[in-house]
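Visitor: Residue numbering for the sequence shown is -18 to -1, 1 to 516, as defined by mature numbering (1 follows the signal peptide of the UniProt record, and there is no 0). Before I ask anything, let me first share the structure, which is written out below as structure tokens.
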Amino acid sequence: MRSLPVLAILRCLSAANAYVWPSPQLDALEAVRFDQVGFNVLPNSLASFVSPCNLFLFGTTAGGETSGRSDAADWIRTAYHDVATHNSIDGTGGLDASIRFAEEQARAENVGNGFANTANIVFSEVNRYVSMADTIALGALIAIENCGGPEIAFRGGRIDAAEPNAPGVPQPQQDLETHIASFARQGFSQTDMIGLVACGHTFGGVQHDFFPDIVNELNSTTDIEDVAHFDSTYVTFDNNVAREYISGTTQNPLVVGFNDTTNSDKRIFGSDGNHTIRSFANSLETFTSTCADLYARMLDTVPRGVQLTEVITPLPVKPAGIELILDGDTLQLSGAVRFWNMTADPSRIVKMLWHDHFGNTHNSTLTFVGTSSSTGGKYSAAWYWFDPTLPFGFLSLNATAGVRSVSFVVDGVLEDQGGVGFALQDAFMQSQTSCSMGAPEVGRVDVAVRNNANVARVYLEAISTDSVQRVVVTEIDLTPPARPIPATPGSPYSLWSMNLTDQGMLFTIGAEIDGIKYSTGQLLTFEEFPPCPE
Ligand code: HEM
Ligand SMILES: *[C@@H]1O[C@H](CO)[C@@H](O)[C@H](O)[C@H]1NC(C)=O
Ligand SMILES: *[C@@H]1O[C@H](CO)[C@@H](O)[C@H](O)[C@H]1NC(C)=O
Ligand SMILES: *[C@@H]1O[C@H](CO)[C@@H](O)[C@H](O)[C@H]1NC(C)=O
Ligand SMILES: *[C@@H]1O[C@H](CO)[C@@H](O)[C@H](O)[C@H]1NC(C)=O
Ligand SMILES: *[C@@H]1O[C@H](CO)[C@@H](O)[C@H](O)[C@H]1NC(C)=O
Ligand SMILES: *[C@@H]1O[C@H](CO)[C@@H](O)[C@H](O)[C@H]1NC(C)=O
Ligand SMILES: *[C@@H]1O[C@H](CO)[C@@H](O)[C@H](O)[C@H]1NC(C)=O
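See the structure below:
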């Protein structure tokens, strides 16, 4: 019965009914989820660390492929150990990145260095819209999906804990009753427990260094860190963990370990007379669909009160990296658009239409700039740059006419989000006159504000982190000018200015218009501004 919702979710993943662009949080989550390799993806994206799936960044040998460990396995164990503190009765604990705290990592239930290693990598994707907890979830999800596993429904919006959670991760020497009670506290039945342990233990194994009472030294040149693996295919998602157990050939150190007290997988797998684990051994399909469901539930196990987003599906047409800057009488518009499920095709013609404030529509032919892919190359996307002249130029728009929205025409087919278009915000933007004053830590930010827009506030959004690494956005209001300062004579824009002395500050520009807050989304430091004129 459980498999029905799974099928529904998977159908959703490939369907084209996503949210309406722009939505800063969903746009950011969608990018980390689906822009995995290729154009507009940083070389050290999450997916790059599970390609190949036996990559272990922290190994002593080049690439770590002979370490016996993998980043993929670390990420999955990290996500589970963060989740396992959840208490479904009082609503505390769950996937909230509390595993990042040294105090939690020092507990016996969290022995090993995989948690610190994971934080080292996956936190690089954190931003104001994607929490540390979201990146832990995404790291596990991308490891599973890219290493042979099923697609997993992903929601974002996890909130990072301010302090460690109460302990609660199961340990191998505990008895079956304790494990059943532990999983029940986390929100999982006994059958779910068998599934989750099998779904997790299709990756990785137990290390001698941290579990010398379970695993002996192995002295192997291809398993330098002495890891006794749960199955023979320990960097790949498959049902061998169940098949080898049922066939009696398993080398799983938590099944056939020399000390029966720590054979927890043996007790768990056998706890329903082998019924569930046998169904996994008999059918890869059953195992795969069960794991897709259980992993999604595991990653969505969050403290009470945390509101997760809808399941993030790829936007069929997605503008990205949009920048609007006022330069005298023109608006410099730059950016790109991504077309999902599209490969490179030199004969394809893509045009962008932009709609101005006077009801006129203009157009320009876009330039193909590359492809990206996700899910181990299963999906591809084609990217087009707004400006026909590379590299990274911009379109010059008439500032008086302005721009309300854009849409696209692909080989004659209009893409306008079902009629609503892709809205752009030209009521406020950085002015090209922003400048730095000699000393690198002093500068002036000029914000161009459209005269006929109902702009109540303009502020800088300073991006920093608090004492427990959480991203914090602090609004610093610009004082409205005493009387309008036209950007140029007759310009539809006036300038609001602020002098800055905060060294190295990273910020975006925000404004409140008709009661709604908007952000340019473009990260700035004032060191990049040209010198102020004398
Ligand atoms: C009763 C429950 C569980 C117990 C007692 C248990 C125990 C263990 C132990 C002792 C290790 C070895 C860690 C090391 O050597 O660093 C391990 C590894 C691992 N566990 Fe579990 N586990 C349980 C449930 C789970 C679940 C539910 C998942 C995920 C769904 C999971 C995923 C993993 C993974 C991926 C590894 C390999 C880590 C690596 O190779 O770096 N485990 N587990
Ligand atoms: C992907 O594109 C191909 C060819 O354009 C189309 O046949 C297919 O239905 C698309 N798949 C999805 C999931 O949109
Ligand atoms: C590995 O080497 C250690 C130390 O040399 C030795 O005590 C142990 O028996 C060896 N183990 C195996 C499995 O060969
Ligand atoms: C087996 O493991 C348990 C729990 O770690 C430990 O207390 C016990 O001493 C071990 N037994 C042997 C024979 O090593
Ligand atoms: C479960 O399967 C294992 C491996 O084949 C076997 O050793 C064990 O006796 C079985 N347990 C039950 C309760 O059937
Ligand atoms: C693009 O603009 C040109 C004139 O500027 C016009 O002739 C053409 O029809 C427009 N194309 C589209 C697709 O709107
Ligand atoms: C800019 O647009 C306005 C409004 O459509 C128009 O009146 C003006 O002539 C345009 N300026 C130029 C230089 O095209
Ligand atoms: C910024 O500093 C310059 C030079 O000190 C000064 O002339 C100007 O009035 C200041 N602007 C604002 C908005 O404070």
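Heads up, the beta-carbon is just placed ideally off N, CA and C, and yes, glycines get one too.
1. For the candidate residues 181, 315 and 351, whose alpha-carbon lies nearest to that of residue 324?
2. Expressed to the nearest angstrom, what Euclidean distance is found between the alpha-carbon atoms of residue 269 and residue 62?
3. When DSSP builds the beta bridges, which residues end up paired with residue 337?
4. Going by DSSP, what residue range makes up the alpha helix (DSSP H) through residue 1?
5. Can residue 506 be considered in contact with ligand 6, in the sense that its beta carbon sits closer than 8 Å to one or more heavy atoms?
6. Taking all protein chains shown into account, do 16 or more other C-beta atoms lie within 10 angstroms of the C-beta of residue 337, making it buried, or fewer, making it exposed?
7. Mapping DSSP to helix, strand and coil, what is residue 175?
8. Between residue 199 and ligand 3, is the CB less than 8 Å from at least one heavy atom?
9. Can you tell me whether DSSP reads residue 120 as helix, strand or coil?
10. For the alpha helix (DSSP H) that residue 58 lies in, which residues bound it at each end?
11. Do residue 239 and residue 176 have their C-beta atoms closer together than 9 Å?
12. To which residues of the same chain is residue 130 closer than 7 Å at the C-beta, ignoring the five residues directly before and after it?
13. Does DSSP classify residue 206 as helix, strand or coil?
14. Would the beta-carbon of residue 469 be found less than 8 Å away from any heavy atom of ligand 7?
15. In chain order, which continuous runs of the beta strand (DSSP E) of length 3 or greater are located wholly inside the stretch 199 to 247?
16. Can residue 481 be considered in contact with ligand 8, in the sense that its beta carbon sits closer than 8 Å to one or more heavy atoms?
17. Who are the Cβ neighbours of residue 322 in its own chain at under 6 Å, not counting the five residues just before and after it?
18. Using only alpha-carbon positions, find the residue among 255, 370 and 441 that is nearest to residue 500.
19. Going by C-alpha to C-alpha distance, which of 149, 138, 67 and 455 sits closest to residue 89?
20. If you run the structure through DSSP and keep just helix, strand and coil, what is residue 309?
21. Can we count residue 68 as close to ligand 1, meaning its CB is less than 8 Å from some heavy atom?
22. Using only Cβ atoms and a threshold of 7 Å, which residues come within that distance of a heavy atom of ligand 6? Order them by chain position.
23. Sort out for me which residues DSSP pairs residue 380 with in a bridge.
24. Here's the rule I'm using: 16 or more other beta-carbon atoms within 10 Å means buried, otherwise exposed. How should residue 8 be labelled?
25. Below 9 Å between beta carbons: does that hold for residue 513 and residue 419?
26. On the three-pair Cβ rule with 8 Å, is the stretch 364 to 384 touching the stretch 445 to 465?
27. Looking only at its own chain, which residues have a Cβ that is under 7 Å from the Cβ of residue 68, when we skip the five neighbours before and after it?
28. Should residue 257 be labelled buried (16 or more other beta-carbon atoms within 10 Å of its own) or exposed?
29. If we count Cβ pairs, one from each stretch, closer than 8 Å, do we get three or more for the stretch 135 to 145 versus the stretch 100 to 116?
30. Given that a residue counts as buried once 16 or more other Cβ atoms are within 10 Å of its Cβ, and exposed if not, what is residue 511?
31. Would the beta-carbon of residue 189 be found less than 8 Å away from any heavy atom of ligand 4?
32. Quick check: the stretch 4 to 18 against the stretch 27 to 36, are at least 3 beta-carbon pairs closer than 8 Å?
33. Report whether the distance from the Cβ of residue 321 to the nearest heavy atom of ligand 7 is below 8 Å.
34. With 16 other CB atoms within 10 Å as the buried threshold, where does residue 459 fall?
35. Quick one: does the C-beta of residue 229 sit closer than 8 Å to a heavy atom of ligand 5?
36. Put residue 497 into one of helix, strand or coil per three-state DSSP.
Guide: Per the coordinate set shown:
1. Residue numbering aside, residue 324 sits at position 342 when the sequence shown is read from its first letter. Checking every option, the nearest Cα to that of residue 324 belongs to 351.
2. Within the sequence shown, numbered from 1, the residue matching residue 269 stands at position 287. Within the sequence shown, numbered from 1, the residue matching residue 62 stands at position 80. For residue 269 and residue 62, the distance between alpha carbons rounds to 18 Å.
3. Numbered from its first residue, the sequence shown carries residue 337 at position 355. Residue 337 pairs with 343 and 387.
4. Working through the sequence shown from its first residue, we reach residue 1 at position 19. Where residue 1 is concerned, there is no enclosing alpha helix (DSSP H), given that its DSSP letter is neither H nor E.
5. On the sequence shown, residue 506 is found 524 positions in, with the first residue counted as 1. Result no, Cβ not under 8 Å from ligand 6.
6. Here the question's residue 337 lines up with position 355 in the sequence shown. So residue 337 ends up on the buried side.
7. Walking along the sequence shown from the start, residue 175 turns up at place 193. Helix at residue 175.
8. Start at 1 with the first residue of the sequence shown, and residue 199 comes out as number 217. Flag set: Cβ of residue 199 near ligand 3.
9. Within the sequence shown, numbered from 1, the residue matching residue 120 stands at position 138. It is helical.
10. Numbered from its first residue, the sequence shown carries residue 58 at position 76. Looking at the DSSP string, the run of the alpha helix (DSSP H) that includes residue 58 is 53 to 65.
11. Looking up residue 239 in the sequence shown gives position 257. Looking up residue 176 in the sequence shown gives position 194. In this structure, residue 176 does not lie closer than 9 Å to residue 239 by Cβ.
12. By 1-based counting over the sequence shown, the position of residue 130 is 148. Once the five neighbours on either side are set aside, the close Cβ partners of residue 130 are 218, 219 and 220.
13. Looking up residue 206 in the sequence shown gives position 224. In the structure shown, residue 206 sits in coil (DSSP, three-state: anything other than H, G, I, E or B).
14. Position 487 of the sequence shown, counting from 1, holds the residue named residue 469. Result no, Cβ not under 8 Å from ligand 7.
15. 209 to 211
16. Stepping through the sequence shown from its first residue, residue 481 is reached at position 499. Residue 481 Cβ: within cutoff of ligand 8.
17. The residue you call residue 322 lines up with position 340 of the sequence shown. Counting only Cβ-Cβ distances below 6 Å, and skipping sequence neighbours, we find 296, 298 and 363.
18. The sequence position of residue 500 within the sequence shown is 518, counting from 1. Cα-wise, what sits closest to residue 500 is 441.
19. Position 107 of the sequence shown, counted from the start, is the residue given in the question as residue 89. Nearest C-alpha to residue 89: 149.
20. Start at 1 with the first residue of the sequence shown, and residue 309 comes out as number 327. Of the three classes helix, strand and coil, the one that applies to residue 309 here is strand, per DSSP.
21. As a working note, residue 68 is residue 86 in the sequence shown. Outside the cutoff, so no.
22. 333, 335, 343, 344, 345 and 391
23. For the purposes of this step, residue 380 is taken as residue 398 along the sequence shown, with counting starting at 1. 312.
24. As a first step, residue 8 must be located in the sequence shown, where it is residue number 26. So residue 8 ends up on the buried side.
25. On the sequence shown, position 531 is the one that residue 513 refers to. On the sequence shown, position 437 is the one that residue 419 refers to. Yes, Cβ-Cβ distance for residue 513 and residue 419 is below 9 Å.
26. no
27. Your numbering for residue 68 matches position 86 in the sequence shown. Counting only Cβ-Cβ distances below 7 Å, and skipping sequence neighbours, we find 75, 76, 168, 169 and 283.
28. Position 275 of the sequence shown, counted from the start, is the residue given in the question as residue 257. Per the 10 Å Cβ criterion, exposed.
29. yes
30. Here residue 511 refers to the residue found at position 529 of the sequence shown. Looking at its Cβ environment, which holds 16 or more other Cβ atoms inside 10 Å, residue 511 is buried.
31. Locating residue 189 in the sequence shown gives position 207, counting from the first residue. Not under cutoff, so the answer is no.
32. yes
33. Here residue 321 is taken as the residue at index 339 of the sequence shown, counted from 1. Incorrect: residue 321 has no Cβ contact closer than 8 Å to ligand 7.
34. The residue you call residue 459 lines up with position 477 of the sequence shown. Exposed is the call here.
35. Indexing the sequence shown from 1 puts residue 229 at position 247. Yes, Cβ of residue 229 sits closer than 8 Å to a heavy atom of ligand 5.
36. What you label residue 497 is simply residue 515 of the sequence shown in a count that begins at 1. Looking at residue 497 - three-state DSSP - the assignment turns out to be coil, as it is neither helix nor strand.
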